[in-house]
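So the structure is just underneath, and the comments pick up after that.
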Amino acid sequence: MRRALEGATTIQKVKALDELMWRAYGAGLIVEAEATALSALFETRKQILTTHAQDAAEERATADRRRASQAAARRGSAPRSQESLERRRRWAASGRLSPALAARHTPGEIAALSVVAAEAQARGDCRLPIGQIAALAGVCETVVRNALREARAHGLLTVEERRLTATRSDTNIVRIVSAEWASWLRLKQSSTPRGSGCKFAKPTNTQRLIKNGQRPAAPAQRLPGGRAAAQAAPESRSAEGR
1 MRRALEGATT IQKVKALDEL MWRAYGAGLI VEAEATALSA LFETRKQILT THAQDAAEER
61 ATADRRRASQ AAARRGSAPR SQESLERRRR WAASGRLSPA LAARHTPGEI AALSVVAAEA
121 QARGDCRLPI GQIAALAGVC ETVVRNALRE ARAHGLLTVE ERRLTATRSD TNIVRIVSAE
181 WASWLRLKQS STPRGSGCKF AKPTNTQRLI KNGQRPAAPA QRLPGGRAAA QAAPESRSAE
241 GR
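In this text, residue positions in the sequence shown follow UniProt numbering: the first is 1, and each later residue adds one.
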């Protein structure tokens with residue numbers, strides 16, 4: 001019994017030996033003094049194994065935390081390229097949030113919300129994936145989620161989840177519901193100039209000229225010398241007069 005107890009490496013084996021010992025005592029195979037001594041050995045062995053199990057569990061947890069920390073250190077944060085920084089700055093400076101609304105968010109969140117606003121202006125709502133919004137705005141997905149959560153908490157927008165199955169979902173539908181933000185976007189859109197410095201020609205209404213008894217000017221014909229026929233006509237008439 002003692003040798004079996006010394007070879008027990010788990011608490012379950014010690015408990016099984018303890019039960020076996022007390023059955024042997026009940027059957028009169030072991031005297032009371034020996035049963036008492038063995039019972040004390042069983043309790044000591046249980047405490048030792050329990051301590052070893054706790055120490056082993058703590059060591060495993062420490063090793064797991066160390067490996068996770070090392071993996072995070074190797075992975076690091078997402079690299080910020082110059083292009084992503086420029087995209088974030090452009091979206092943040094696009095003016096799609098009024099100064100009062102922009103003051104509630106970080107520049108990265110402003111860029112993400114500006115992408116959402118631009119999509120909502122073009123299509124009525126935003127159905128882009130989180131990853132695509134992050135890529136367009138030059139930020140990470142966490143910043144996009146934080147921006148949407150803060151904007152929803154302030155009543156600026158709603159987020160409709162579209163569950164397909166228990167494990168699959170379609171992209172969320174983000175709608176702007178803030179009257180202040182919607183008015184600002186309409187004002188921003190109406191104040192944006194059309195084109196970029198181009199001048200649109202206003203054609204002459206020839207039908208109105210004909211109705212008033214006027215004839216529209218004939219198109220100028222090019223002469224071999226490079227001058228227009230309409231410019232050369234007065235010169236020819238003056239020569240005939242002489």
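Glycine is no exception: its CB is placed at the ideal position from the N, C-alpha and C atoms.
- Between the segment 170 to 179 and the segment 113 to 133, the count of C-beta pairs closer than 8 Å reaches three or more; the two stretches touch.
- Comparing alpha carbon positions, the residue from Ser94, Ser81, Thr171 closest to Arg163 is Thr171.
- Val159 and Leu185 have their C-alpha atoms some 19 Å from each other.
- Distances from the CA of Ala118 to each of Glu86, His52, Trp181, Met21 were compared; the closest alpha carbon is that of Trp181.
- Cβ-Cβ distances below 6 Å link Val116 to Cys126, Val174 in the same chain, with the five nearest sequence neighbours on each side left out; the list follows chain order.
- Secondary structure note for Asp18: it is in no beta strand (DSSP E), and the uninterrupted alpha helix (DSSP H) holding it is 11 to 26.
- Scanning its chain for C-beta atoms nearer than 6 Å, with the 5 sequence neighbours on each side dropped, one finds around Val144 the residues Ala112, Ile130, Ile133, Ala134, in chain order.
- Around Ile110, the same chain offers Ala92, Leu97, Ala102 as residues with beta carbons nearer than 7 Å, after the five sequence neighbours per side are excluded.
- In the displayed model, Ser69 falls within a helix according to three-state DSSP.
- Shown here, Ile48 sits in a helix according to DSSP, grouped into three states.
- By the 16-neighbour rule on beta-carbons within 10 angstroms, His105 is buried.
- Assignment of beta-bridge partners to Ile176 by DSSP yields Leu157.
- The alpha-carbon of Leu49 is positioned some 53 Å away from that of Arg152.
- No residue range can be given for Leu29, since it is assigned to no alpha helix (DSSP H) and is classified by DSSP as neither H nor E.
- Counted as a single uninterrupted DSSP element, the alpha helix (DSSP H) harbouring Gly108 occupies residues 107 to 123.
- Leu157 counts as buried, since at least 16 other C-beta atoms from the protein chains shown sit within 10 angstroms of its C-beta.
- If you look at Gly138, you'll find it isn't in any alpha helix (DSSP H); DSSP assigns it neither H nor E.
- Residue pairing of Asp170 in beta bridges, as defined by DSSP: Arg162.
- Minimum Cα-Cα distance from Pro107 among the listed residues Ala56, Ala27, Ala147 corresponds to Ala147.
- Leu136 and Arg87 do touch by the CB rule: their CB atoms are close to 7 Å apart, below 8 Å.
- A buried status is given to Leu38, since no fewer than 16 other beta-carbon atoms sit within 10 Å of its beta-carbon.
- Inter-residue distance for Ala63 and Arg45 is about 27 Å (C-alpha atoms, whole angstroms).
- As the crow flies, the alpha-carbon of Val31 is around 24 Å from that of Ile11.
- For Leu128, there is no enclosing alpha helix (DSSP H), as DSSP marks it with neither H nor E.
- The shortest C-alpha to C-alpha distance from Gln121 to any of Glu19, Glu150, Gln189 is the one to Gln189.
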